[in-house]
Amino acid sequence: MFAEFTFILIENLINCSMKILITGGGGMFGYFLNRLLSEKGKILTLYHSEPGNATQFNCRQIDLADVPALRSVIKCFQPDVILHAAAISSVADCEQAGREKVMNVNVSVSRTIAELCNEQDIKMFYYSTDLVYGGEQGSFISEAGKINPKSLYAESKYLGEIAVRESTDNCTILRTALMIGTTNIGKVNHFGEVLKNLVSGKAVKLFTDQFRTPLSLEEAAELTWELISTKESTGVINFGGCDRVSRFEIGELVCEIGGFNKSLLRGVTMDEFDVTYKVPDVSMNISKLLSIGCTPKTIQTQIRRELQRFSSLKGHRGKKK
Numbered sequence: 091m092f093a094e095f096t097f098i099l100i101e102n103l104i105n106c107s108m109k110i111l112i113t114g115g116g117g118m119f120g121y122f123l124n125r126l127l128s129e130k131g132k133i134l135t136l137y138h139s140e141p142g143n144a145t146q147f148n149c150r151q152i153d154l155a156d157v158p159a160l161r162s163v164i165k166c167f168q169p170d171v172i173l174h175a176a177a178i179s180s181v182a183d184c185e186q187a188g189r190e191k192v193m194n195v196n197v198s199v200s201r202t203i204a205e206l207c208n209e210q211d212i213k214m215f216y217y218s219t220d221l222v223y224g225g226e227q228g229s230f231i232s233e234a235g236k237i238n239p240k241s242l243y244a245e246s247k248y249l250g251e252i253a254v255r256e257s258t259d260n261c262t263i264l265r266t267a268l269m270i271g272t273t274n275i276g277k278v279n280h281f282g283e284v285l286k287n288l289v290s291g292k293a294v295k296l297f298t299d300q301f302r303t304p305l306s307l308e309e310a311a312e313l314t315w316e317l318i319s320t321k322e323s324t325g326v327i328n329f330g331g332c333d334r335v336s337r338f339e340i341g342e343l344v345c346e347i348g349g350f351n352k353s354l355l356r357g358v359t360m361d362e363f364d365v366t367y368k369v370p371d372v373s374m375n376i377s378k379l380l381s382i383g384c385t386p387k388t389i390q391t392q393i394r395r396e397l398q399r400f401s402s403l404k405g406h407r408g409k410k411k
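For reference, each letter of the sequence shown is one residue, going 91 to 411 in our numbering.
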């Protein structure tokens, strides 16, 4: 018993001294990384223009494309780990920004950070996307699945993967699933829009023929910490949940768990909605993630947690069926 207590104490002391640098600290995912990891070690969270909740923590505003400034920040903070979550992070935003800017932010900056990690012996985690798989090779795709990015966003994230792996061996590539969740920093994702509409009694159109293995933002932050703590994660890892669901099925679960009116849901196909980049099924096989000892909660549990947070943030309650 004493030996076990001593081991846990030493492990906690090691974790508390860990220094973690976060890019994209002003975003929705950054919101959860900042909150969780500030309790686990010493963090420096970087943001570009909108701080989110970063100003509540040790933070710095920076243009990551400013290499001398970035080098100075990293050299001064001397992190053990860099979590590179900053990106132009949606298909629509990438189309609006244009190819040159997207490649600079999502590829060139990622390469620079990887090179600096290699120079200073820092572990790097790079957040990629499940959309690199293209969605036409069946369900539960493994890390060895065919790469077929259809959008500029997916292409840039895959090229970012290549840039990182070419620049450092001490890296983990996390092909991240659809992330669901809410925050109070004024940013809303698709999941948040669905919730807002359901609360307002408005109809919601959701795809019945696009399948993912989603993670909540909070769950993704917790799993990130588990990966950091194990120190066993290397290479490419499918970073998603256990459950394969369509967007419509996510909506059904939100209604069932939150007590919203299911009749507000309208199932549509991608053809009906005239989607430019059709991605039918990028559900991922997460056996590698599980083998490391990281087990995501069920989609029902994740949604329940998100609805509880949404209620606490907004004071909203579901409309009973």
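All residues carry an ideal CB built from backbone N, CA and C; glycine is no exception.
Between the stretch 271-278 and the stretch 390-402 there are three or more C-beta pairs closer than 8 Å, enough to call the two in contact.
Within the same chain, and ignoring the five residues on either side of L160 in sequence, the residues whose Cβ sits closer than 8 Å to its Cβ are I152, L154, T202, I203 and L206.
Shown here for F363: same chain residues with a beta carbon closer than 8 Å to its own, the five before and five after excluded, namely K295 and F297 in chain order. Exposure of D156 is indicated by the presence of fewer than 16 other C-beta atoms within 10 angstroms of its C-beta.
The beta carbon of R395 sits closer than 7 Å to the beta carbons of S306 and E308 from its chain, once the five residues preceding and following it are set aside; these are given in chain order. DSSP places S162 within a helical segment (H, G or I) once states are collapsed to three. Just measuring C-alpha positions, the residue of T145, G331, I382 and V222 sitting nearest S319 is I382. With respect to I178, L111 sits apart: the two C-beta atoms are not nearer than 7 Å. The beta carbon of G235 sits closer than 7 Å to those of Y223 and Q227, all from its chain and outside the five residues before and after it, given in chain order. A straight line joining the alpha-carbon of L354 with that of K165 spans about 53 Å. Excluding residues up to 5 positions away in sequence, M108 and K109 lie with their Cβ nearer than 6 Å to the Cβ of D170 in the same chain. By the Cβ test, the stretch 283-295 is not in contact with the stretch 255-268, since fewer than three Cβ pairs between them sit closer than 8 Å. S336 is a Cβ neighbour of F301, given a cutoff of 7 Å.
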